[in-house]
Amino acid sequence: METTGAYEAKTHLPQLLKRVAKGEKITITRHGVPVAVLQAPEADRKVPTKEVIDELLKFRKRHALHGLSIREMIEEGRR
1 METTGAYEAK
11 THLPQLLKRV
21 AKGEKITITR
31 HGVPVAVLQA
41 PEADRKVPTK
51 EVIDELLKFR
61 KRHALHGLSI
71 REMIEEGRR
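Quick note on full-length UniProt numbering: the sequence shown kicks off at 1 and runs consecutively.
Written out as structure tokens, the structure reads:
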């Protein structure tokens, strides 16, 4: 993985993006300290709707609100 300074990254962003599109990872530093990593996004993963619904239902069974309403939780979060 290559490292480049923030100023250099700003100046040469189009070239860096081309390299990232080809699969490279580039660490951007500020004063020698890593602050970001430029890398290509992961491929979009399509999940069947039924699978998502099943996961949500399983989550609901494991996480009960014990009589709290959403409104009460919002008000509690504001305190």
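Don't be surprised by glycine CBs; every beta carbon is placed ideally from N, CA and C.
Exercise. Return the chain-ordered list of same chain residues with a C-beta closer than 6 Å to the C-beta of E8, the five sequence neighbours on each side being excluded.
Key: none
Self-check item: Nearest-angstrom Cβ-Cβ length linking V35 and I28, presumed shorter than 8 Å
Solution: 6 Å
Quiz item: Would L16 be called buried (16 or more neighbouring beta carbons within 10 Å of its own) or exposed?
Solution: buried
Self-check item: Residues sharing a beta bridge with A36, DSSP
Solution: I28
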